[in-house]
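Heads up, the sequence shown is in the working numbering, so the first residue is 945 and it goes up one at a time.
One structure below.
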Amino acid sequence: MRFEPRFVEYEPKSDKVFVYGYSYVKGASSNEERSERSYEFAIKISNYAPVLDYIDTYVGKPRTKAVLEQLQRKEENRRKNEEQR
């Protein structure tokens, strides 16, 4: 497995760093498969040194606060539409 970062973003609202790129996995058949992958990091400083406080990884694009809020609005609209039926 290997990862090629394509984009790094710091989000001040959440104090997280998002790294987006492509993950490559090579199986026994020698065929390499590519997928989008994101890493989320929260980094703190302790005794003048960076400390990794939180890490998450998932398939797809970064789940920034703006993206999560947009998904939440879509879900709320979907529920409202279902209730009106």
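Positions of the beta carbon are idealized from the N, C-alpha and C atoms, including for glycine.
What you are looking at is a predicted structure, and each value in this text was computed from that prediction instead of being measured.
Beyond the five residues adjoining it in sequence on each side, residue 949 comes within less than 8 Å, by CB distance, of 963, 964 and 965 in the same chain, given in chain order. Beta-bridge pairing by DSSP links residue 986 to 998. In this structure residue 1009 is exposed. Its beta-carbon is surrounded by fewer than 16 other beta-carbon atoms within 10 angstroms. Here residue 960 is buried, its C-beta having at least 16 other C-beta atoms within 10 Å.
The residue among 984, 1020, 1013 and 1014 with its C-alpha nearest the C-alpha of residue 1003 is 984. Annotated three-state conformation of residue 957 is coil, per DSSP.
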